[in-house]
Amino acid sequence: MHTHPLWRPYETPSMEEINAARLEVGAPASVPVEVVAPDPDWPKWYESVSDRIRGALGERALAIEHVGSTAVLGLWAKPLIDVDLTVADSADEDAWLPDLVAAGFVLRVREPEWEEHRLVRGTDPDSNVHIFSLGAQESQRVRMFRDWLRTHPEDRDACSTTTRRHGSSTTSTRRSSRPIPSMSTIHTHARTSVGDRRSERRPICATPCLCCTF
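Just add 58 to the spot in the sequence shown (first one is 1) and you have the numbering used here.
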């Protein structure tokens, strides 16, 4: 039986456990990334995805949040909805995955070393649903950054400019540990301004707002 994550400290799995559990469907490839102007229908797309998740999981979906570039009014982005889904224990896939699969989602990523992150992909509309346990720092990070960009138009515009510039070229589907300076600066400024002194749990992607969330 899984111990509820609120009753145990986060323990980093061994490399053997990580390699045995890791899942990443599809080989990394260089693909063109489409970045488009803000679409007023993106909130409706999110509501469609959220309703599907809520219908599949009911009260097991402890929180469902629209995150990533499409969650910020006025921000250029790829036309894909990013969702942050909180469940009691993301590692306990039997408790939530079968019902999401039945609702049309497909498990694409399993990362035990990153707060037991899981990612399922949906279509119609295209969506990435990031699943974390209650209290995960990454969920707090992406929501904080989303709220910051919503209320700080100068940083939102800088983020949008960076996204458009790097989204016009070919990018890899695999995350990189080399953040783009301007995006890293904005994110650090946001974190320190709200008093978040925690270190990054994950490097910012090489092409921000394109491969997953921010």
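Even glycine gets a Cβ: it sits at the ideal position worked out from N, Cα and C.
All figures in this text were calculated on a predicted structure; none of them were measured in a lab.
Using the Cα positions of Arg201 and Val125, report the straight-line distance between them to the nearest angstrom. 6 Å
In chain order, which beta strand (DSSP E) runs of at least 3 residues are fully inside the stretch 108-145? 121-125, 139-145
Take the Cβ of Ser218 as the centre, count every other Cβ of all protein chains shown within 10 Å, and call the residue buried at 16 or more, exposed below. buried
According to the Cβ coordinates, are Asp182 and Leu115 closer than 7 Å? no
Threshold first: 3 residues or longer. Then list the beta strand (DSSP E) segments lying entirely within the stretch 145-210, N to C. 164-169, 175-180, 185-191
Cβ shell of Asp184 (< 6 Å), same chain only, five flanking positions each side left out: Leu138
Roughly how many angstroms separate the alpha carbons of Thr128 and Lys136, rounded to a whole number? 8 Å
Can you round the beta-carbon distance between Ala248 and Phe203 to whole angstroms, since I take them to be within the 8 Å contact cut? 6 Å
If you measure between the beta carbons of Arg222 and Val93, is that distance less than 7 Å? yes
Reference Gly113, options Val159, Arg214, His224, closest by Cα: Val159
Is it right to say Glu117 is buried, meaning 16 or more other beta carbons lie within 10 angstroms of its own, or is it exposed? exposed
Cα-Cα separation between Ala149 and Ala194, rounded to whole angstroms: 12 Å
CA nearest to the CA of His188, picked from Thr209, Glu151, Trp103, Arg176: Arg176
Straight-line CA distance for Val252 to Leu143? 23 Å
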